[in-house]
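For the record, the sequence lines run as chains A and B.
Anchor point for the first sequence: position 36 equals 35 in numbering that gives the first Met the number 0, and the numbering is continuous, going up by one each time.
Anchor point for the second sequence: position 118 equals 117 in numbering that gives the first Met the number 0, and the numbering is continuous, going up by one each time.
2 protein chains.
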Amino acid sequence: MTVTTPRVRLSPERRREQLLALGVQMLATCSLEELSIDRLAEAAGISRGLLYHYFGGKQGFYEAVVQRAADDLYAQTAPPADGEQLERLMASIAAYVDYVAANQAGYRSLVRAAAGGNEALRAIYDATFNALCDRFFAEDPDGQMLPDTPAVRALVRAWQAMAEDLTLTWCADPEVMTRDDLLEVLVGSLPAMIDLL
Amino acid sequence: MTVTTPRVRLSPERRREQLLALGVQMLATCSLEELSIDRLAEAAGISRGLLYHYFGGKQGFYEAVVQRAADDLYAQTAPPADGEQLERLMASIAAYVDYVAANQAGYRSLVRAAAGGNEALRAIYDATFNALCDRFFAEDPDGQMLPDTPAVRALVRAWQAMAEDLTLTWCADPEVMTRDDLLEVLVGSLPAMIDLL
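1) For aspartate 147/B, which residues in the same chain have their Cβ closer than 6 angstroms to its Cβ, ignoring the five residues on either side in sequence?
2) Please determine, among Ser108/A, Ile92/A and Ala150/A, the residue with the shortest C-alpha to C-alpha distance to aspartate 180/A.
3) At what residues does the alpha helix (DSSP H) containing methionine 25/A begin and finish?
4) Taking a Cβ distance cut-off of 9 angstroms, strictly less, list which residues of the region 88 to 121 of chain B are near chain A, in chain order.
5) Beta-carbon of alanine 69/B versus every beta-carbon of chain A: anything under 8 angstroms?
6) Say whether chain A places a C-beta atom closer than 8 angstroms to the C-beta of valine 184/B.
7) Which of helix, strand or coil does DSSP assign to alanine 178/B?
8) What's the gap between the Cα of glutamine 84/B and the Cα of tyrosine 106/A?
9) Please state the DSSP three-state secondary structure of proline 78/A.
10) List, in chain order, every chain A residue whose beta-carbon is nearer than 9 angstroms to that of valine 65/B.
11) Can you tell me the Cβ-Cβ gap for alanine 104/B and serine 30/B, rounded? I've got them flagged as a contact below 8 angstroms.
12) What number of angstroms, rounded off, separates the C-alpha of phenylalanine 60/B from the C-alpha of alanine 20/B?
13) So which residues of chain B does valine 155/A contact, with C-beta pairs closer than 9 angstroms?
14) For the alpha helix (DSSP H) that aspartate 164/A lies in, which residues bound it at each end?
15) Report all residues from its chain with a CB closer than 8 angstroms to the CB of leucine 50/B; omit the five preceding and five following residues, and keep chain order.
16) Just the Cα atoms here: how many angstroms apart are glutamate 86/A and aspartate 139/A?
17) Quick check: is the beta carbon of proline 173/B nearer than 8 angstroms to any beta carbon in chain A?
18) Helix, strand or coil: which one does DSSP assign to leucine 131/B?
19) Give me the chain B residues within the contact set of serine 30/A, using Cβ-Cβ distance strictly less than 8 angstroms, ordered along the chain.
20) Given a threshold of 16 other Cβ atoms within 10 Å of its Cβ, counted over all protein chains shown, does glutamate 197/B qualify as buried or as exposed?
21) Assuming glutamine 84/A is part of the alpha helix (DSSP H), what are its boundary residues?
22) In whole angstroms, give me the CA-to-CA distance for serine 10/B and valine 64/B.
23) Using only CA atoms, which one of Asn102/B, Ala160/B, Pro79/B and Glu118/B lies nearest to valine 155/A?
24) Just how far apart, CA to CA, sit glycine 187/A and threonine 76/B?
25) Can you give me the C-alpha to C-alpha distance between alanine 74/B and aspartate 81/B, rounded to a whole angstrom?
26) For proline 173/A, which of Asp97/B, Pro149/B, Ile193/B and Leu167/B has the nearest alpha-carbon?
27) First and last residue of the alpha helix (DSSP H) that includes glutamate 41/A?
28) Any beta carbon of chain B sitting closer than 8 angstroms to that of methionine 192/A?
29) Give a yes or no on whether 8 angstroms exceeds the smallest Cβ distance from alanine 150/B to chain A.
30) Expressed to the nearest angstrom, what Euclidean distance is found between the alpha-carbon atoms of valine 184/B and threonine 166/B?
31) Should leucine 165/A be flagged as near chain E, meaning a C-beta pair shorter than 8 angstroms?
32) Excluding five sequence neighbours on each side, which residues of the same chain lie with their C-beta closer than 7 angstroms to the C-beta of asparagine 117/A?
33) Looking at C-alpha atoms only, which residue of Val175/A, Thr28/A, Ala126/A and Tyr53/A is the closest neighbour of phenylalanine 12/A?
34) What residue does the alpha helix (DSSP H) around arginine 47/A start on, and which one ends it?
35) With a cut-off of 8 angstroms, does the C-beta of leucine 196/A fall near any C-beta of chain B?
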């Protein structure tokens with residue numbers, strides 16, 4: 000007698016959600032290049048062909064998974080509604096550090112793919128960083144956090160590049176500094192840079 | 000009567016130098032992908048095959064050109080021997096900004112190639128950034144500029160990522176801030192970050 004994995008019938012929408020969730024989960028510990036379509040299809044109990052059918056091919060699936068991961072990053076780094084501006088900024092940056100630490104492999108491979116000229120992944124990466132940047136210029140009960148000028152926006156983008164580099168360095172070797180020191184540098188360096196203008 | 004370009008006979012060493020110089024010159028205004036081997040061979044008055052012969056193929060030629068460009072960057076950003084540490088740092092950073100401004104297309108394509116996983120180009124890029132980083136820890140008549148600890152080295156690397164991003168933003172749109180403001184931010188932000196540790 001052969002025991003087969005029962006193939007549960009899901010609606011197309013729920014099946015798509017399940018595949019995206021599995022993909023995001025795998026991307027936490029493996030790079031885009033290592034994300035095995037075969038293992039994923041097997042885990043979901045469907046064929047590789049059906050997976051392609053849902054996403055219009057392998058590249059379409061990668062893009063959907065990366066977009067979902069980017070949406071998760073954006074949602075998880077939402078600053079809390081209450082508290083002083085600096086406290087809320089600190090909470091948001093701490094959430095960013097924790098997200099990258101928990102999803103290192105996939106995050107690194109996204110940075111690489113975006114920088115390396117994969118246009119679709121670069122667009123997702125850029126849109127996410129622009130959205131994170133925009134938060135510094137959003138209106139809130141305490142007023143705008145930063146003055147919205149081209150120079151300050153350029154500094155925020157450069158600070159984001161710094162924050163990403165330092166966070167990835169720290170994730171690769173947490174001995175290099177404490178998490179508290181990392182957060183102090185990330186939170187404090189942005190106003191310090193703007194004061195230099 | 001047909002006029003042909005005379006093919007000057009150069010020693011292999013001088014021919015190699017000529018080809019590298021031409022490649023670096025072209026890389027100032029075009030990306031690695033646009034660097035046309037045909038145009039270059041034509042400008043040098045040799046065949047494409049002979050060019051490949053000197054460098055062991057197209058990838059070998061790219062690597063040699065990028066290595067030469069990286070050596071130029073390192074040489075041109077050497078801090079002056081005399082003056083206060085901060086003045087020398089300012090001069091070195093100003094030279095970096097001017098180098099990137101004069102070689103934007105090639106510099107951008109190197110960043111892209113290195114980040115995108117071309118291992119040989121990434122190795123050249125990393126070695127250059129490590130060498131630039133090392134300057135901050137070199138002994139000089141005024142003593143070491145920065146304490147040589149893993150945490151400070153991590154900050155210097157993150158600051159380099161910030162400096163590269165801000166310099167490229169400024170090169171793409173010099174209206175965003177004055178060159179003086181750019182240099183103030185670049186020079187001042189490193190000690191500000193280290194003070195936060």
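Just so you know, even glycine gets a beta-carbon here, dropped at the ideal spot from N, CA and C.
Reading from the atomic positions:
1) In the second sequence, the residue the question calls residue 147/B occupies position 148. Same-chain partners within the cutoff: Phe136.
2) Position 181 of the first sequence, counted from the first residue, corresponds to residue 180/A. Ranking Ser108/A, Ile92/A and Ala150/A by Cα distance to aspartate 180/A puts Ile92/A first.
3) The residue you call residue 25/A lines up with position 26 of the first sequence. Its alpha helix (DSSP H) spans residues 11 to 28.
4) Val110, Arg111, Ala112, Ala113, Ala114, Gly115, Gly116 and Asn117
5) Mapped onto the second sequence, residue 69/B falls at position 70. Not one chain A Cβ lies under 8 angstroms of alanine 69/B.
6) Here residue 184/B corresponds to residue number 185 of the second sequence, with the count starting at 1. Valine 184/B counts as touching chain A.
7) Locating residue 178/B in the second sequence gives position 179, where the first residue counts as 1. The sequence shown places arginine at residue 178/B, rather than the alanine named in the question. Helix, per DSSP.
8) Residue 84/B sits at position 85 when you count from the first residue of the second sequence. Residue 106/A sits at position 107 when you count from the first residue of the first sequence. Approximately 38 angstroms, taken between the alpha carbons.
9) What you label residue 78/A is simply residue 79 of the first sequence in a count that begins at 1. Coil.
10) For the purposes of this step, residue 65/B is identified with residue 66 of the second sequence, where counting begins at 1. Those within 9 angstroms of valine 65/B in chain A number zero; the least Cβ separation is about 16 angstroms.
11) Reading the second sequence from its first residue, position 105 is the one you call residue 104/B. Reading the second sequence from its first residue, position 31 is the one you call residue 30/B. Confirmed, Cβ separation roughly 5 angstroms.
12) For the purposes of this step, residue 60/B is taken as residue 61 along the second sequence, with counting starting at 1. For the purposes of this step, residue 20/B is taken as residue 21 along the second sequence, with counting starting at 1. Whole-angstrom Cα-Cα distance: 12 angstroms.
13) Walking along the first sequence from the start, residue 155/A turns up at place 156. Result: empty, since nearest Cβ-Cβ is about 10 angstroms, beyond 9 angstroms.
14) Within the first sequence, residue 164/A is the residue found at index 165, counting from 1. 149 to 171 is the extent of the alpha helix (DSSP H) around aspartate 164/A.
15) For the purposes of this step, residue 50/B is taken as residue 51 along the second sequence, with counting starting at 1. Within the same chain, leucine 50/B has close Cβ partners Leu18, Ile36, Leu39, Ala40, Ala43 and Phe60.
16) Here residue 86/A refers to the residue found at position 87 when the first sequence is read from its first residue. Here residue 139/A refers to the residue found at position 140 when the first sequence is read from its first residue. Rounded to whole angstroms, glutamate 86/A to aspartate 139/A spans 14 angstroms at the Cα level.
17) If you number the second sequence from 1, residue 173/B lands on position 174. So no, proline 173/B is outside the interface.
18) What you label residue 131/B is simply residue 132 of the second sequence in a count that begins at 1. Here leucine 131/B sits in helix by DSSP.
19) Position 31 of the first sequence, counting from 1, holds the residue named residue 30/A. Those within 8 angstroms of serine 30/A in chain B number zero; the least Cβ separation is about 10 angstroms.
20) There is simply no residue 197/B to check, as chain B begins at 0 and stops at 196 in what is shown.
21) Stepping through the first sequence from its first residue, residue 84/A is reached at position 85. Segment 84 to 101, the alpha helix (DSSP H) holding glutamine 84/A.
22) Along the second sequence, read from residue 1 onward, the residue named residue 10/B stands at position 11. Along the second sequence, read from residue 1 onward, the residue named residue 64/B stands at position 65. Approximately 19 angstroms between the Cα atoms of the pair.
23) By one-based count along the first sequence, residue 155/A stands at place 156. When only C-alpha atoms are compared, the closest one is Ala160/B.
24) Residue numbering aside, residue 187/A sits at position 188 when the first sequence is read from its first letter. Residue numbering aside, residue 76/B sits at position 77 when the second sequence is read from its first letter. Rounded to whole angstroms, glycine 187/A to threonine 76/B spans 29 angstroms at the Cα level.
25) In the second sequence, counting from the first residue as 1, residue 74/B sits at position 75. In the second sequence, counting from the first residue as 1, residue 81/B sits at position 82. Cα-Cα distance, rounded: 16 angstroms.
26) The residue labelled residue 173/A in the question sits at position 174 within the first sequence. Of the candidates Asp97/B, Pro149/B, Ile193/B and Leu167/B, the one whose C-alpha sits nearest the C-alpha of proline 173/A is Pro149/B.
27) Translated into positions along the first sequence, residue 41/A becomes position 42. Segment 36 to 43, the alpha helix (DSSP H) holding glutamate 41/A.
28) Against the first sequence, residue 192/A aligns to sequence position 193. So, interface residue.
29) Sequence index remark: in the second sequence, residue 150/B carries index 151 (1-based). Yes - at least one Cβ of chain A is within 8 angstroms of the one on alanine 150/B.
30) The sequence position of residue 184/B within the second sequence is 185, counting from 1. The sequence position of residue 166/B within the second sequence is 167, counting from 1. If I take the Cα positions, the gap works out to 11 angstroms.
31) In summary, chain E is missing from the structure at hand, where the protein chains are A and B.
32) Counted from its first residue, the first sequence places residue 117/A at position 118. Nothing meets the Cβ criterion.
33) For this step, residue 12/A is matched to residue 13 along the first sequence. Checking the sequence, you will find glutamate at residue 12/A rather than phenylalanine. It is Tyr53/A whose Cα lies nearest to the Cα of glutamate 12/A.
34) Along the first sequence, read from residue 1 onward, the residue named residue 47/A stands at position 48. Arginine 47/A -> alpha helix (DSSP H) spans 47 to 54.
35) As a working note, residue 196/A is residue 197 in the first sequence. Chain B contact via Cβ: present.
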